[in-house]
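These protein sequence lines map, in sequence, to chains Z and H. Residue numbering for the first sequence follows the working numbering, beginning at 2 and increasing consecutively. Residue numbering for the second sequence follows the working numbering, beginning at 2 and increasing consecutively. Cβ coordinates follow ideal geometry from the N, Cα and C atoms, glycine included. Note that this is a predicted model, so its numbers are computed, not measured. Input: a single structure, listed below in structure tokens.
2 protein chains.
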Amino acid sequence: MRTPSMKGKATRRRIIDAAADLFHKQGVQATSPQQIMETSQTGKSQLYHHFRSKGGLVHEVLQHHIQSIREGSAAIDYEITSWSDLQRWFRAHAGLQEKYRMTRGCPFGTIGNEVTENDELIRRDLELLFEVVRNKLAGFFLRERTRGRLGPGANEAALADFCISSIQGAMLLGKIRRDRGTVDLAIDQALNYLAGFRRSVPRRRGSA
Amino acid sequence: MRTPSMKGKATRRRIIDAAADLFHKQGVQATSPQQIMETSQTGKSQLYHHFRSKGGLVHEVLQHHIQSIREGSAAIDYEITSWSDLQRWFRAHAGLQEKYRMTRGCPFGTIGNEVTENDELIRRDLELLFEVVRNKLAGFFLRERTRGRLGPGANEAALADFCISSIQGAMLLGKIRRDRGTVDLAIDQALNYLAGFRRSVPRRRGSA
DNA sequence: CACGATTTGTACCTCCAGTTACATCCTTGC
DNA sequence: GCAAGGATGTAACTGGAGGTACAAATCGTG
């Protein structure tokens with residue numbers, strides 16, 4: 002495996018995409034090599050040529066997710082620069098879920114849920130993934146504070162975590178109930194809470 | 002199977018307890034009949050004598066959870082009659098998680114996350130379970146409103162769902178990070194939000 | 001105690017997840 | 001245009017998940 006070549010990279014990519022979708026749909030445990038092969042139109046040899054094992058594939062899928070978030074090519078936009086962006090970020094999750102007729106949860110949460118005491122490597126991948134997300138959100142809150150648009154009494158990381166865990170809980174409940182209304186309501190409440198920290202910029206006059 | 006007898010009931014109970022714990026620990030998919038047999042000190046014949054299939058066992062485990070919640074014998078107390086009870090309810094979840102060294106999530110959420118489009122029966126069980134929980138919480142909020150201790154602008158069911166999804170999200174993130182601090186912070190924020198709806202009872206004077 | 005029903009033990013079976021081995025076909029850099 | 005090694009096809013293997021069959025034991029009730 003010295004120079005990975007075009008065709009190879011394409012195959013590898015197809016496998017990752019297929020696996021990511023299947024993991025999202027039914028979780029890691031419930032997804033067999035067979036299904037991944039069929040969905041990605043590949044054979045067993047490709048699978049094990051490009052990836053050490055199923056666990057290795059999970060790792061690569063998560064790395065791919067992380068990369069997508071970082072470079073802004075993910076299904077959801079994590080570049081938040083305004084409160085309405087934040088709203089959009091929340092609502093995009095509900096939209097994603099609806100796209101799958103409320104039968105799926107969060108792609109990351111679904112995998113995270115399956116982590117056990119023995120999956121230390123996967124757990125760390127997920128930890129990193131959620132840290133990237135948190136940083137995106139916390140970055141926004143920090144900028145808002147800098148501009149005087151954020152009230153006191155909460156730190157940025159905590160607010161970011163609140164966003165993440167709210168959306169995770171909402172999507173889980175939404176999937177169990179197969180009901181978008183549940184998700185929308187939960188999002189409304191989260192936004193409601195966050196709005197409490199919002200400060201309108203004082204008319205430019207007294208500096209302070 | 003006309004008259005289930007003492008010994009039989011005990012065995013059945015051991016199996017359900019073992020399965021519930023294993024499902025909580027590692028999820029349904031990752032739990033094999035073998036493991037359930039070992040943990041519950043039973044043989045394969047008992048398993049399939051008392052339960053139709055693995056799916057049937059999952060169903061019975063969930064029914065057992067529902068029953069436990071209803072009759073107040075669950076690991077967590079759902080009888081909420083005061084705001085401090087509500088606080089305790091939240092914190093009990095963090096406590097439960099810590100008991101397992103932050104390696105597990107919520108017993109119900111863990112199963113719920115594994116539900117797919119094809120598990121309609123299990124999904125319904127979980128839907129019911131979460132409705133029972135919601136009713137417990139909503140009941141409290143309703144009583145508070147009746148007594149004039151709840152501000153306007155939110156309905157009881159929505160607040161109850163907010164509690165549930167907050168705790169679900171928090172426990173998932175806590176498990177991924179293996180960090181209780183995350184959970185505690187998330188709970189603080191949820192309580193913070195809820196506190197905004199709390200009204201102190203007006204001095205008993207003007208009726209209305 | 002006898003009898004039928006319930007409970008348990010033992011053995012077996014099928015299927016497929018997950019993986020490896022190896023041969024063959026392609027790519028591509030020189 | 002030809003090696004070197006990357007990409008793919010085919011076959012096979014192991015282990016265990018999930019479940020069935022049936023006989024033996026045990027219970028509990030008249």
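Between the CA atoms of residue j and residue i - distance to the nearest angstrom
i                      : j                      : result
residue 170 of chain H : residue 132 of chain Z : 15 angstroms
residue 70 of chain H  : residue 127 of chain H : 13 angstroms
residue 1 of chain Z   : residue 8 of chain Z   : Limits of chain Z in this structure are 2 at one end and 209 at the other, which puts residue 1 of chain Z out of reach.
residue 82 of chain Z  : residue 141 of chain Z : 6 angstroms
residue 198 of chain Z : residue 145 of chain Z : 10 angstroms
residue 1 of chain H   : residue 176 of chain H : Given a span of 2 to 209 for chain H in the structure shown, any question on residue 1 of chain H remains unanswerable.
residue 59 of chain H  : residue 4 of chain Z   : 49 angstroms
residue 101 of chain H : residue 166 of chain H : 21 angstroms
residue 123 of chain H : residue 129 of chain H : 10 angstroms
residue 30 of chain Z  : residue 108 of chain Z : 14 angstroms
residue 32 of chain H  : residue 200 of chain H : 47 angstroms
residue 103 of chain Z : residue 55 of chain Z  : 27 angstroms
residue 48 of chain Z  : residue 6 of chain Z   : 16 angstroms
residue 208 of chain H : residue 84 of chain H  : With a pLDDT of only 49 at residue 208 of chain H, under the threshold of 50, the placement of this residue in the model should not be trusted; the figure read from the coordinates follows. One C-alpha to the other measures close to 23 angstroms.
residue 110 of chain H : residue 110 of chain Z : 11 angstroms
residue 53 of chain Z  : residue 26 of chain Z  : 23 angstroms
residue 182 of chain Z : residue 89 of chain H  : 28 angstroms
residue 57 of chain Z  : residue 91 of chain Z  : 31 angstroms
residue 2 of chain H   : residue 68 of chain H  : Low confidence applies here, because residue 2 of chain H scores a pLDDT of 44, under 50, leaving its location unreliable; read the following figure in that light. If I take the Cα positions, the gap works out to 23 angstroms.
residue 117 of chain Z : residue 36 of chain H  : 15 angstroms
residue 1 of chain H   : residue 34 of chain H  : Residue coverage of chain H in this structure runs from 2 to 209, which leaves residue 1 of chain H outside it and unanswerable.
N- and C-terminal bounds of the alpha helix (DSSP H) containing residue i
i                      : result
residue 177 of chain Z : 157 to 178
residue 78 of chain H  : Taken as a continuous stretch (DSSP letters only), residue 78 of chain H belongs to no alpha helix (DSSP H), as it is neither H nor E.
residue 7 of chain Z   : 7 to 27
residue 121 of chain Z : 121 to 147
residue 36 of chain Z  : 34 to 41
residue 181 of chain Z : 181 to 196
residue 46 of chain H  : 45 to 51
Sequence-distant residues of its chain with Cβ nearer than 6 angstroms to residue i (five each side left out)
i                      : result
residue 113 of chain Z : 127
residue 161 of chain H : 135, 138 and 139
residue 168 of chain H : 94
residue 121 of chain Z : none
residue 173 of chain H : 106
residue 65 of chain Z  : 17
residue 87 of chain H  : 81
residue 179 of chain H : 103
Beta-carbon contacts of residue i that lie in its chain and below 8 angstroms, excluding the five residues immediately before and after
i                      : result
residue 51 of chain Z  : 9, 12, 13 and 16
residue 152 of chain H : 197, 198, 199 and 200
residue 163 of chain H : 191, 194 and 195
residue 148 of chain H : 202
residue 159 of chain H : none
Residues near residue i by beta carbon distance below 7 angstroms, same chain, minus five either side
i                      : result
residue 62 of chain H  : 17, 20, 21 and 24
residue 97 of chain H  : 76 and 77
residue 185 of chain Z : 95
residue 115 of chain H : 28, 29 and 30
residue 189 of chain H : none
residue 155 of chain H : 198
residue 99 of chain Z  : 181
message: Measuring CB atoms only, is the region 38 to 45 of chain H touching the region 8 to 21 of chain H, in the sense that at least three cross pairs come out at less than 8 angstroms?
response: These segments touch.
task: Report the residue ranges of all alpha helix (DSSP H) runs contained in full by the region 54 to 111 of chain H; include only those spanning at least 4 residues, in chain order.
output: Taken in chain order, the complete alpha helix (DSSP H) segments of 4 or more residues contained in the region 54 to 111 of chain H are 55 to 72 and 84 to 100.
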